[in-house]
Every structure is written in structure tokens, then in C-alpha cells.
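Colleague: Shown below is the structure under consideration.
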Amino acid sequence: MTAPTPDDVPSGGIAPGDVPPGDVSPRGRGANAISSAASRTHPIVIAGGGTAGHILPGLSIAEALIAAGVERDAVLWIGSARGQETSLVPPSGIELVALKGRGIQRSLKPRAIADNIAAILGLGSAFMRAFRLIGRRRPAAVLMLGGYASAAAAAAAVFWRVPIVIAEQNAVGGAANRVFGRFARAAAVPFDGSDLPRAIVTGNPVRDVILQRRVAAVTQRSAAQRSARSELGIPADRVVVAAFAGSLGSRRINEAIADLANRWSDRRDVAIYHVIGRRDWATFERPNVAADGLWYRDVEYENRMDVVLAAADVAVCRSGGTTVAELAVIGVPSLLVPLPIAPGDHQRHNAAALVNANAAHLVDDDSCTGEHLDELLGPIVAEPAVRTAMADAAWGVGRPDAASAVAALVLQQLAASKGA
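Last residue of the sequence shown: 419 (numbering that gives the first Met the number 0), numbering continuous.
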């Protein structure tokens, strides 16, 4: 139920904006929809949102449910009126109900305290609306993604005795998912060692555009890299470092990459594709790069992160759940810089999945400097065998079947409920 941090949002996400609460209901049917596992009066509810890190996996699960036979209009999304779901969910044709309110901030600063008082009042309204909605629609199941909207839906589900399944995107369960984990029939988690009850490792679902970039053979990867680099205008003969940190960006990573670019100014074997983010774009001090040396490009925002990841030999980035899952599915070596203020230090735990597989190096936030990045990237840039080994290790961690696995878990609980 904690308010999401900017670095949790993938660089391809859409910045959140306030909109009037209410139902956003473009409804349609999949072209090949078959008999629904839940009717319009008993939909499967997907609850949660706020950031793209919650929403994009949820949309992937929704599409997997539809592919498994659930009709599109038998899926109902309960989300936040302030979150990115207001932009991301309606184009899918899934009915969206947007609740008022906001998450609780974990801070004792005066502004945060004032915001939290207002948030608590707003949560009351959201919970009451969720109780009425769940009571009226009597869903077949509620799938929790995390965030305050999912907490409101889950509380109503407990009251109305609706089965709950959790889809957790991080190695450490979020506040809402931990609170309601005791009531859930099952919890789909990305990695072993979850703190949630009845956890089943499914992986973290990723978008179809990411899945389409997953290739196995080394020759296929090389061809895919060349194609992606052509799309971005990156020279084909360079070792490509991609740097990014959410839609708003990370000042720490931005400054370290700028220093690294200055150190590499004369190098003709390396390219850096730098997604700065909206927060620092106007004030960011660009590196001084030699015209005939390092290939360096910075962009404020990038909505083609699948292309960026496919083009990269190595990434420097935060370690949100979606980012780690996408790196693994495509098979990208990485230097992971966990966000130090992430609740439960979940980004460090997320990073461990790739670090322990020798697919990534962990970089503490206060150690993220151009000098340290240079030391770690040196062997990766210099040795193709090192890059290949790390890429293979990352690829092996990837779970391209995650969305289908979570959808199957939801449908299993529906079948168990009917048989009870």
C-alpha cells in the first residue's frame, strides 16, 4: 500500500497523472474468444496498479487468461484514478473501474504526514466503493497485483468470500500483498524464497514485445542485435552499453554514466545509449565526448525499451521486478544498482536472481561512480566470451511462460472453488 517510487517504473512506462475517478469501460471480445470461465456477472477481477511495474505484468496475465478461454468482457480491472492504469488498461479493451485515493508514504516529513492523512481519508472512500462493487458483481476470483487499489478489492473479497490469488512482482512481497497473503489461495512469485504464504514460483510476466525479442542461438542473437541497433541508429560494430532507470530516471546513475562517457571519450569500440529520464533532462550536464571517439546518445524518454534491450551488450540500470524479468527474458548482462529506498530493500533481493546466476554485477547506490562502472565494465566490454557467458546465464533465468503460469494458477483456484 506504499506509494510507488519513480525508479520502480520501467523506462517505457507512462508517467502517472491525475484523472477524474470513475469507470473507464471500452469493452470488446477477443477475436477467438471461447466459452468464458466466468460470466459478466462473475468476472475475474485484476486489482492493483499505480506504476507500470504493477500494470504491465497484470495486462500480460489478462491476455493469458483470455488466450486460455476467458472472454475479454469477463475480466474487470480495479485500479487507481491516479495511476498509469488509466492510460494503459483501456486500450486493451478490459473494463476499468478507477478508485479514488493514493498510497501511503513511508516518511515522517511534515509534507508526507499531511499527504498521508489525506490518503487515509481517500482510502476509506476507495474501500467502500470496492465493497459495493465486489458485492454487486460477485467475481469468480480476485488477482492482487499490489497497491492500495488491490488492498481495497482484497478486503472486499475477504468479506464476500471471493477467492484471492496474489501476483507479486518482487522478491519481497509488497505491503498490500503481505497483509492479504494469509487470505490468498496462492501467491505467484518471481523467485524462490518469497516471504508470502503458499508461494508458487511462476516468474514475473513481461510484455509480448519483450517476448518477441527472446532468441536462443548466438547467431540469432547477433542478427537481432544488428536489427535493433539499426532501429536506434547505433553503429553495428560497437559494444553497446544501455543505461536507464525508470521513466523519471536516476540522478546517481545519470551522473555516473556521464563520468564514464568522459573517461571513454576517445574510445571507438563502445557506444552508450543513455535514457536520462524526465526529472533530470533539462539540467543534466552532458559529457564532453570526442567527435571521432565514443558514440554517445542521450534521450529524455524511451518507449521502445524492447529495442534498447535487444540492442544492448550490457545494461546499467535499477533492479525493479519488471526490469529484472525483461533483462532475463531477452538475455542481457547487467550492472544492477538497487534503489536504496525501495520498501524492504526489494530491488537488492530482485537483483540477487541475476547476480547469483553470474548474469549481473551488483553495484551499491553509493558506489555507483564512473570509475567503478569503468572497472566492472572493462572485462565485459573487452571479452566477447564474458558477454556471451553472462547473456546465456541471464537467458537461463528468464521465464517467458510466466503470464501463462499465473493465469493457470488463477484458473486452478476457480476449478477448486467450483469443486469444493
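Every residue, glycine too, gets a C-beta built ideally from N, C-alpha and C.
How many whole angstroms separate the CB atoms of Val307 and Leu231, which I take to be in contact at a CB cut-off of 8 Å?
Modeller: 7 Å
Colleague: Kindly provide the ranges of any alpha helix (DSSP H) runs that are 4 or more residues long and lie completely inside the stretch 158 to 226, ordered along the chain.
Modeller: 174 to 179, 207 to 210
Colleague: For Ala129 and Pro399, what's the separation of their Cα atoms in angstroms?
Modeller: 33 Å
Colleague: If you compare alpha carbons, which of Ala156, Ile275, Arg251, Ala66 is closest to Asp365?
Modeller: Arg251
Colleague: Helix, strand or coil for Ser35 per DSSP?
Modeller: Bear in mind that a pLDDT of 43 at Ser35, under 50, signals an unreliable position, so the number given afterwards is only what the model happens to contain. Three-state DSSP puts Ser35 in coil, outside helix and strand.
Colleague: Please tell me whether Ile45 and Gly57 are closer than 8 Å, where the distance is taken between their beta carbons.
Modeller: yes
Colleague: Tell me the start and end of each unbroken alpha helix (DSSP H) in the stretch 237 to 281 that is at least 4 residues and wholly inside, in chain order.
Modeller: 250 to 262
Colleague: Which term fits Gly173, buried or exposed, when burial requires 16 or more other beta carbons within 10 angstroms of its beta carbon?
Modeller: buried
Colleague: Taking 8 Å as the cut-off, decide whether the C-beta atoms of Gly377 and Ala255 are in contact.
Modeller: no
Colleague: Quick check: the Cα distance between Leu142 and Leu410, rounded to an integer number of angstroms?
Modeller: 11 Å
Colleague: Would DSSP call Tyr300 helix, strand or coil?
Modeller: coil
Colleague: Using CA atoms only, rank isn't needed, just tell me which of Ala241, Asp373, Ala290 is closest to Asp297.
Modeller: Out of Ala241, Asp373, Ala290, the CA that lies nearest to the CA of Asp297 is found in Ala241.
Colleague: Bridge partners of Trp394, per DSSP?
Modeller: According to DSSP, which records beta bridges pairwise, Trp394 is partnered with nothing at all.
Colleague: Determine the contact status of Val323 and Ala341, defining contact as a CB-CB distance below 8 Å.
Modeller: no
Colleague: For Gly202, does the count of other Cβ atoms within 10 angstroms reach 16, so buried, or fall short, so exposed?
Modeller: buried
Colleague: Would you call the stretch 155 to 165 and the stretch 123 to 140 touching, i.e. three or more CB-CB distances under 8 Å?
Modeller: yes
Colleague: Can you give me the start and stop residues for the beta strand (DSSP E) that Val96 sits inside?
Modeller: 94 to 98
Colleague: Check whether the Cβ atoms of Gly292 and Arg262 lie closer than 8 Å to each other.
Modeller: No, Cβ-Cβ distance for Gly292 and Arg262 is not below 8 Å.
Colleague: Decide if Ser35 is buried, meaning its Cβ has at least 16 other Cβ atoms within 10 Å, or exposed.
Modeller: With a pLDDT of 43 at Ser35, under the threshold of 50, the predicted position of this residue should be treated as unreliable, though the coordinate-derived value follows. The residue is buried, with at least 16 neighbouring Cβ atoms inside 10 Å.
Colleague: Taking just the CA atoms, how far does Ala414 sit from Pro9?
Modeller: In this prediction, Pro9 has a pLDDT of 46, which is less than 50 and means its spatial position is unreliable; nothing more can be read from the coordinates.
Colleague: Can you tell me where the alpha helix (DSSP H) with Gly369 in it begins and where it stops?
Modeller: 369 to 381
Colleague: Report the residue from Gln219, Ile379, Gly248, Arg220 whose alpha carbon sits nearest the alpha carbon of Glu299.
Modeller: Gly248
Colleague: Let me check understanding here. Comparing Cα to Cα, which of Arg81, Asn287, Ala170, Val269 lies closest to Val313?
Modeller: Val269
Colleague: Near Arg237, which residues of its chain fall below 7 Å by C-beta distance, leaving aside the five closest residues on each side in sequence?
Modeller: Asp268, Val269, Ala270, Trp294
Colleague: Would you tell me roughly how many angstroms separate the C-alpha atoms of Leu144 and Ala227, rounded to the nearest one?
Modeller: When only Cα atoms are considered, Leu144 and Ala227 end up about 31 Å apart.
Colleague: Could you check which residue in Ser79, Arg277, Phe179, Trp394 has the C-alpha nearest to that of Ser124?
Modeller: Ser79
Colleague: Distance check for Thr85 and Ala356, CA to CA, integer angstroms please.
Modeller: Across the structure, Ala356 and Thr85 are spaced so that their CA atoms are roughly 37 Å apart.
Colleague: Please report how far the alpha carbon of Ala67 lies from the alpha carbon of Thr282, in whole angstroms.
Modeller: 48 Å
Colleague: Under 8 Å by Cβ, that's how I've got Gly276 and Gly245 pegged, so tell me the actual separation to the nearest angstrom.
Modeller: A Cβ-Cβ distance of about 6 Å is found for the pair Gly276 and Gly245, placing them in contact under the 8 Å criterion.
Colleague: Beta-carbon within less than 6 Å of Ala37's beta-carbon, same chain only, minus the 5 sequence neighbours each way: which residues are those?
Modeller: Its pLDDT being 41, under 50, Ala37 is placed unreliably by the model, and the measurement read from it follows with that caveat. Ile43, Ala73, Ala139.
Colleague: Looking only at its chain, what residues have a beta carbon closer than 6 Å to the beta carbon of Pro337, apart from the 5 residues adjacent to it on each side?
Modeller: Cβ neighbours of Pro337 within its own chain (closer than 6 Å, five residues either side excluded): Ser318, Gln346, Arg347, Ala350.
Colleague: State the beta-bridge partners of Met143 as determined by DSSP.
Modeller: Ala46, Ile165
Colleague: If we call anything under 8 Å between Cβ atoms a contact, is Ile233 one with Ala310?
Modeller: Result yes, Cβ atoms of Ile233 and Ala310 sit closer than 8 Å.
Colleague: Could you tell me the distance, in whole angstroms, from the CA atom of Trp394 to the CA atom of Val331?
Modeller: 7 Å
Colleague: Using beta-carbon positions only, say whether Ala183 and Ile199 come within less than 8 Å of one another.
Modeller: no
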